[in-house]
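When we follow UniProt numbering, the leftmost residue of the sequence shown carries the number 1, and every step to the right adds one. Glycine included, every Cβ here is placed at the ideal spot set by N, Cα and C. Please read these numbers as outputs of a predicted model, since none were measured by experiment. The next block holds one structure in the form of structure tokens; read it before the comments.
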Amino acid sequence: MLQLGLKEMATYVIYGTGAFFAGWVLSAVVSAIDSIPLLPRILEMVGLGYTVWFSSRYLLFKDSREELFAKAYDLKTRIVGSGDA
């Protein structure tokens, strides 16, 4: 059974409460943006355009896929480390 101390429990409660309020605020922002006429359609077009650009830039050809994988691996090693102790 998992035993949590008072310090760990307080940390989890603070993070959980913060995540809840962040989700609540983001939901309100998305609802406000969605209520503006034409803005959701414009954002959909921007998203579609970015998807087409990203696919043609990074996913269509082997060389560009390898470049994308190298960038992703570099980002992963900068965040979590190389794994060499």
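| Item | Value |
| --- | --- |
| Element boundaries [alpha helix (DSSP H), containing Gly23] | Leu6 to Asp34 |
| Collapsed DSSP secondary structure at Pro37 in the structure displayed | coil |
| For Ser64, the first and last residue of its enclosing alpha helix (DSSP H) | Lys62 to Val80 |
| Chain-order list of residues whose beta-carbon lies under 8 angstroms from that of residue 98 (same chain, five-residue window excluded) | No information on residue 98 is available, as it lies outside the stretch 1 to 85 that the chain covers here. |
| Sub-8 angstroms separation of Leu39 and Ile33 beta-carbons | yes |
| Check whether Tyr73 and Arg65 have beta carbons under 8 angstroms apart | no |
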